[in-house]
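Numbering of the sequence shown is given in the numbering used here, commencing with residue 1 and proceeding in unit increments.
Here a beta-carbon is modelled for each residue, glycine too, at the ideal position from N, C-alpha and C.
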Amino acid sequence: MTHSIAVIGGDGIGPDVTAEAIKLVEAAGVDISITEFDLGGERYLRDGEVLSDEALDELRKFDCILLGAVGTPEVPPGLIERGLLLKMRFELDLYINERPFVGTAPGSDQAHDFVVIRENTEGPYVGEGGVLRKGTPLEVATQGSLNTRHGVERCIRYAFDLAASRPRHHLTLVHKTNVMMFSGDLWQRTFNEVAVDYPQVETAYNHVDAAAIYFVQDPHRYDVVVTDNLFGDILTDLGGAVSGGIGLAASANLNPERTGPSMFEPVHGSAPDIAGKGVANPTAAILSAAMMLDFLGENGAAVRIREACVDPVTGSTTDVGDTIASRVRS
Ligand code: IPM
Ligand code: MN
Numbered sequence: 001m002t003h004s005i006a007v008i009g010g011d012g013i014g015p016d017v018t019a020e021a022i023k024l025v026e027a028a029g030v031d032i033s034i035t036e037f038d039l040g041g042e043r044y045l046r047d048g049e050v051l052s053d054e055a056l057d058e059l060r061k062f063d064c065i066l067l068g069a070v071g072t073p074e075v076p077p078g079l080i081e082r083g084l085l086l087k088m089r090f091e092l093d094l095y096i097n098e099r100p101f102v103g104t105a106p107g108s109d110q111a112h113d114f115v116v117i118r119e120n121t122e123g124p125y126v127g128e129g130g131v132l133r134k135g136t137p138l139e140v141a142t143q144g145s146l147n148t149r150h151g152v153e154r155c156i157r158y159a160f161d162l163a164a165s166r167p168r169h170h171l172t173l174v175h176k177t178n179v180m181m182f183s184g185d186l187w188q189r190t191f192n193e194v195a196v197d198y199p200q201v202e203t204a205y206n207h208v209d210a211a212a213i214y215f216v217q218d219p220h221r222y223d224v225v226v227t228d229n230l231f232g233d234i235l236t237d238l239g240g241a242v243s244g245g246i247g248l249a250a251s252a253n254l255n256p257e258r259t260g261p262s263m264f265e266p267v268h269g270s271a272p273d274i275a276g277k278g279v280a281n282p283t284a285a286i287l288s289a290a291m292m293l294d295f296l297g298e299n300g301a302a303v304r305i306r307e308a309c310v311d312p313v314t315g316s317t318t319d320v321g322d323t324i325a326s327r328v329r330s
């Protein structure tokens, strides 16, 4: 069966690392058809297009979307992020952001293997708020955080399902219930209620500031972590940093009901300072493609790609892709 993949290389190192990710999918013998979409900051600077509703409707027709990175210094911060990346997350209802972390933290002698489930369509990311009297001493800015019972519950249920499927059966809720009294209470109550349906899953709770310490000093305590959009954004950069670096961190933006395509992207950004120099590590994009293959039911190919990434590779972006591809083929 041929899987149709929309590829958005995007900006900076994005196109370089996605090219290697596609190379690996092909090396693993998976049958795909690729359609490239010219989107991102460069495209915006050329003709003003970020992501039109027509382009979004085109994307809906694909089985999956593979994204490199978006954002370029010439475009005001937030414009491409909100207009392209967050628009896809919201409009395609990619409500799960799944980010696995395997490695050994610096200074530790114990390996860790955990997954962060980040809510991906709510929280502060909806952009609720506004500004008054801008630029004056009496300026007011508010920035809300949207949390719905439906949105919180479906995320927590996904995390419980995942924890139930893993050997350790352990799930930690991370929030800041001691300060975020309204949203924290909704998350904690929903977590407790859903937990009743999963007696086989052991549960824990950490405040996000404590979790930041544990991610560095004791990450092997975690199996599955579930948290809100912004806490998850911050903690997953930290997860990457303690798991061999952000150059290895993969992610999946999932619509688990498959009412549209899911989107797969490395956690890292477009790194414009090293774009085109051939020094970007494509491993995070390659491992994101492996997550895509898992989602497409190509689990054998996904496992082979992951195994081929275990032993470190050095060299240029294409060298690293070539070496991993030759491991996959042999
Ligand atoms: C990520 C990124 C995005 C986010 C940015 C680019 C909007 O940091 O995927 O983690 O904050 O979600
Ligand atoms: Mn981030």
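Rounded separation between residue i and residue j - CA only
{"i": "A204", "j": "G276", "result": "44 Å"}
{"i": "L59", "j": "R189", "result": "36 Å"}
{"i": "N253", "j": "P261", "result": "9 Å"}
{"i": "N120", "j": "R89", "result": "7 Å"}
{"i": "G68", "j": "A250", "result": "11 Å"}
{"i": "R157", "j": "P137", "result": "46 Å"}
{"i": "D228", "j": "E122", "result": "8 Å"}
{"i": "P266", "j": "L248", "result": "8 Å"}
{"i": "A27", "j": "T142", "result": "50 Å"}
{"i": "V7", "j": "V226", "result": "28 Å"}
{"i": "V140", "j": "Y125", "result": "19 Å"}
{"i": "E308", "j": "V196", "result": "At residue 308 the sequence reads Ala, which differs from the Glu that was named. In a straight line, the C-alpha of A308 is about 39 Å away from that of V196."}
{"i": "E42", "j": "A164", "result": "43 Å"}
Where residue i sits in the DSSP three-state scheme
{"i": "N147", "result": "coil"}
{"i": "H169", "result": "coil"}
{"i": "I65", "result": "strand"}
{"i": "R133", "result": "coil"}
{"i": "G199", "result": "A quick correction: the sequence has Pro, not Gly, at residue 199. DSSP places P199 in coil when its eight states are reduced to three."}
{"i": "D113", "result": "strand"}
{"i": "L94", "result": "coil"}
{"i": "R118", "result": "strand"}
{"i": "T142", "result": "strand"}
{"i": "Y214", "result": "helix"}
Span of the beta strand (DSSP E), counted from its first residue to its last, around residue i
{"i": "P266", "result": "262 to 266"}
{"i": "L254", "result": "250 to 254"}
{"i": "I32", "result": "32 to 36"}
{"i": "T177", "result": "Note, T177: premise wrong, no beta strand (DSSP E); not H, not E."}
{"i": "T72", "result": "That residue, T72, is in no beta strand (DSSP E); it is neither H nor E in DSSP."}
{"i": "I5", "result": "3 to 10"}
Residue i at chain B interface by Cβ criterion, 8 Å
{"i": "P124", "result": "No chain B appears in this structure, which consists of one protein chain only."}
Where the alpha helix (DSSP H) through residue i begins and ends
{"i": "T318", "result": "317 to 329"}
{"i": "I286", "result": "283 to 295"}
{"i": "V25", "result": "14 to 27"}
Neighbourhood of residue i by C-beta distance below 8 Å, restricted to the same chain and skipping five residues each side
{"i": "A111", "result": "V102, G103, T104, H220"}
{"i": "A289", "result": "A21, I22, L24, V25, L66, F264, I305"}
{"i": "G278", "result": "D16, S316, T317, T318"}
Residues of its chain near residue i, where Cβ-Cβ distance is below 7 Å and the 5 sequence neighbours each way are ignored
{"i": "D339", "result": "One cannot answer for residue 339 here, as it falls past the ends of the chain, which runs 1 to 330."}
{"i": "A325", "result": "K23, L24, A27"}
Beta-carbon contacts of residue i that lie in its chain and below 6 Å, excluding the five residues immediately before and after
{"i": "T323", "result": "V313"}
{"i": "E36", "result": "V7"}
*Does the region 92 to 102 touch the region 240 to 249, meaning 3 or more C-beta pairs lie closer than 8 Å?*
yes
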